[in-house]
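Okay, structure coming up:
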């Protein structure tokens, strides 16, 4: 029994050591290379254009910035809403939260799926998924 417990503990330790935390993988700049839209409505098309080629910047100190590359009628709204915010990661829900204390940490929710330097960021508030690539 002692050896079984020791073996299980050893394998759990190896598994935990071998994995890089998603939170650590998020840090850096991510450029949107493709936007996947589930709706063909005018609003969703415009929203997808707003995010095309934009950069999501997640800094180690929890600062967040959105850097748009397209000018659409929605761009100023997203810049105002997302510039100079904070980000946090909820491990249990696998959810990035863009937030401030004033808004109770609820400006935007992003579910990341990261494989090496490529990822998909699913925006929780919209029917959009962003295929992103890490640039830094």
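Residue numbers (our numbering): 1 to 136.
Backbone N, C-alpha and C define an ideal beta-carbon position, used for all residues, glycine too.
Would DSSP call residue i helix, strand or coil?
i, result
"residue 48", "helix"
"residue 134", "strand"
"residue 84", "coil"
"residue 43", "helix"
"residue 23", "helix"
Within the continuous beta strand (DSSP E) that includes residue i, where are the two ends?
i, result
"residue 112", "108-115"
"residue 37", "28-37"
"residue 99", "95-99"
"residue 119", "118-123"
Is there at least one Cβ from chain B nearer than 8 Å to residue i's Cβ?
i, result
"residue 79", "Absent from the structure is chain B; it holds one protein chain and no more."
Quick one: what's got a C-beta closer than 7 Å to residue i's C-beta in the same chain, skipping five residues either side?
i, result
"residue 83", "65, 66"
"residue 48", "35, 37, 128"
"residue 75", "50, 68"
Between residue i and residue j, how many whole angstroms is the CB-CB distance? I'm expecting something under 8 Å.
i, j, result
"residue 26", "residue 112", "6 Å"
"residue 53", "residue 86", "The Cβ separation is near 24 Å, so there is no contact."
Once you ignore the five residues that flank residue i on each side, which residues in its own chain have a CB closer than 6 Å to its CB?
i, result
"residue 29", "55, 57, 135, 136"
Here's a check: name, in chain order, each residue in its chain whose Cβ is nearer than 8 Å to the Cβ of residue i, leaving out the five neighbours to either side.
i, result
"residue 60", "27"
For this session: Report yes or no: do the stretch 64-73 and the stretch 35-44 share at least 3 C-beta pairs separated by less than 8 Å?
Result: The answer is no - the stretch 35-44 does not touch the stretch 64-73, with fewer than three Cβ pairs under 8 Å.
Exercise. Counting Cβ pairs closer than 8 Å, one from the stretch 76-93 and one from the stretch 114-128, do we hit at least three?
Worked result: Put simply, the stretch 76-93 does not touch the stretch 114-128. Fewer than three CB pairs are less than 8 Å apart.
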